[in-house]
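Student: Quick one: the structure is below, and I'll ask about it shortly.
In the working numbering, the protein residues as written are 125 to 338.
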């Protein structure tokens, strides 16, 4: 495995073979957010539920200026047949591309090869911003499928952060203390701290919050 990628790193440039043809990552997604997610293998039950779940949220991702791209260490014909099976048997047309990483080079570069699992990948998720910067990395074991609500929530939270310069509380937008409100960056000097107490709703000078600007 190559050097491990971290949050804040640039997504490495890669030319990949997909079910939609050759693609260049992250160049082909320039100006958009994208979610690159790996799955252990085609024609497996948990992975099938994940693909259906991603597809059912695909329009929501598009409205968030976000594209999806899958990945596993399988050949492209396997991906194509599996996607056809999902369409024929479940009635869900998979509209996003899937990387055919038959030699495992892409998975290795991204640190997504499952330990002690042969050529299978982990259930990995990279959330990448329009500048090609990795904003989040999620890893799931093979026995546990991903939560699409959380992936969507994270993208919405990142976009709010970029627009408003605020932080996102736990379980947002249903936080137990703040509901759908967001957190103001803590003051770094006494004057600003006093001003914050007058300007915002605060539990204390270091814990101020507000409603999102409409």
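For every residue, glycine included, the Cβ atom is placed at its ideal position computed from N, Cα and C.
1) Let me check one thing: in DSSP terms, what residues is residue 332 bridge-paired to?
2) May I have the straight-line CA-CA distance separating residue 318 from residue 335, to the nearest angstrom?
3) Tell me which residues share the same chain as residue 159 and place their Cβ nearer than 6 angstroms to its Cβ, disregarding the 5 neighbours each side in the sequence.
4) Three-state secondary structure (DSSP) at residue 125?
5) By Cβ distance below 7 angstroms, which residues in the same chain neighbour residue 260 in space, the five residues on each side in sequence not counted?
6) Sorted by chain position, which residues of the same chain lie with C-beta nearer than 7 angstroms to residue 125's C-beta, five sequence neighbours on each side aside?
7) Identify every residue that forms a DSSP beta bridge with residue 193.
8) Tell me the DSSP secondary structure of residue 137 in three-state form.
9) Taking residue 281 as part of the alpha helix (DSSP H), name the residues at either end of that continuous run.
10) The alpha helix (DSSP H) with residue 217 in it runs from where to where?
11) When DSSP labels each residue in this structure, what does residue 255 get in the three-state scheme?
12) Please return the same chain residues whose Cβ sits closer than 6 angstroms to the Cβ of residue 206, not counting the five positions on each side in sequence.
13) Determine the closest residue to residue 270 out of 249, 258, 255, 256, with distance taken between C-alpha atoms.
14) What's the gap between the Cα of residue 136 and the Cα of residue 150?
15) Among 292, 254, 314, 297, which one has its Cα closest to the Cα of residue 308?
16) What does DSSP give as the partner residues of residue 247 in its beta bridges?
17) Looking only at its chain, what residues have a beta carbon closer than 6 angstroms to the beta carbon of residue 144, apart from the 5 residues adjacent to it on each side?
18) According to DSSP, is residue 210 part of a helix, a strand, or is it coil?
19) Roughly how many angstroms lie between the CA atoms of residue 215 and residue 329, to the nearest whole one?
20) Check whether the Cβ atoms of residue 264 and residue 284 lie closer than 8 angstroms to each other.
21) CB residue 280 to CB residue 188, shorter than 8 angstroms?
Tutor: Looking at the coordinates:
1) Taking the first residue of the chain shown as position 1, residue 332 is located at position 208. For residue 332, which the question treats as bridged, DSSP gives the partners 326.
2) As a working note, residue 318 is residue 194 in the chain shown. As a working note, residue 335 is residue 211 in the chain shown. Spanning the alpha carbons of residue 318 and residue 335 requires a straight line of approximately 20 angstroms.
3) Numbered from 1 along the chain shown, position 35 holds the residue referred to as residue 159. 192, 251, listed in sequence order.
4) Walking along the chain shown from the start, residue 125 turns up at place 1. Residue placement at residue 125 is flagged as unreliable, the pLDDT there being 48, under the threshold of 50; the coordinate-derived value follows with that caveat. Reduced to three states, the DSSP call for residue 125 is coil.
5) If you number the chain shown from 1, residue 260 lands on position 136. Around residue 260: 131, 251, 278.
6) Indexing the chain shown from 1 puts residue 125 at position 1. Low per-residue confidence applies at residue 125: pLDDT is 48, beneath 50, and the placement is therefore not dependable, though the value from the model is reported in the following sentence. For residue 125, the CB contacts under 7 angstroms within the same chain, skipping 5 residues up- and downstream, are 232, 235, 237 in chain order.
7) To locate residue 193, count along the chain shown from 1; it is residue 69. Checking the DSSP bridge columns, you'll see residue 193 partnered with 160.
8) Taking the first residue of the chain shown as position 1, residue 137 is located at position 13. Here residue 137 sits in coil by DSSP.
9) Taking the chain shown and counting its residues from 1, the one referred to as residue 281 is at position 157. 272 to 288 is the extent of the alpha helix (DSSP H) around residue 281.
10) Here residue 217 refers to the residue found at position 93 of the chain shown. Following the DSSP letters along the chain, one finds residue 217 in no alpha helix (DSSP H), marked with neither H nor E.
11) The count along the chain shown starts at 1 and reaches residue 255 at position 131. Three-state result, residue 255: coil.
12) For the purposes of this step, residue 206 is taken as residue 82 along the chain shown, with counting starting at 1. Excluding sequence neighbours, residue 206 sits near 166, 167.
13) One-based indexing of the chain shown puts residue 270 at position 146. Of 249, 258, 255, 256, the residue nearest in Cα terms is 249.
14) As a first step, residue 136 is located in the chain shown; it is residue number 12 there, counting from the start. As a first step, residue 150 is located in the chain shown; it is residue number 26 there, counting from the start. Linking residue 136 to residue 150 through their CA atoms gives a straight-line distance of about 7 angstroms.
15) Taking the chain shown and counting its residues from 1, the one referred to as residue 308 is at position 184. It is 292.
16) Along the chain shown, read from residue 1 onward, the residue named residue 247 stands at position 123. DSSP lists 264 as partners of residue 247.
17) Against the chain shown, residue 144 aligns to sequence position 20. Apart from the 5 residues on each side of it in sequence, residue 144 sits with its Cβ closer than 6 angstroms to the Cβ of 221 in its chain, given in chain order.
18) To locate residue 210, count along the chain shown from 1; it is residue 86. Residue 210 falls in the helix class under three-state DSSP.
19) Taking the first residue of the chain shown as 1, we reach residue 215 at position 91. Taking the first residue of the chain shown as 1, we reach residue 329 at position 205. When rounded, the distance between both Cα atoms is 54 angstroms.
20) The count along the chain shown starts at 1 and reaches residue 264 at position 140. The count along the chain shown starts at 1 and reaches residue 284 at position 160. Using a Cβ distance threshold of 8 angstroms, residue 264 and residue 284 do not count as a contacting pair.
21) Locating residue 280 in the chain shown gives position 156, counting from the first residue. Locating residue 188 in the chain shown gives position 64, counting from the first residue. Less than 8 angstroms divides the Cβ of residue 280 from the Cβ of residue 188.
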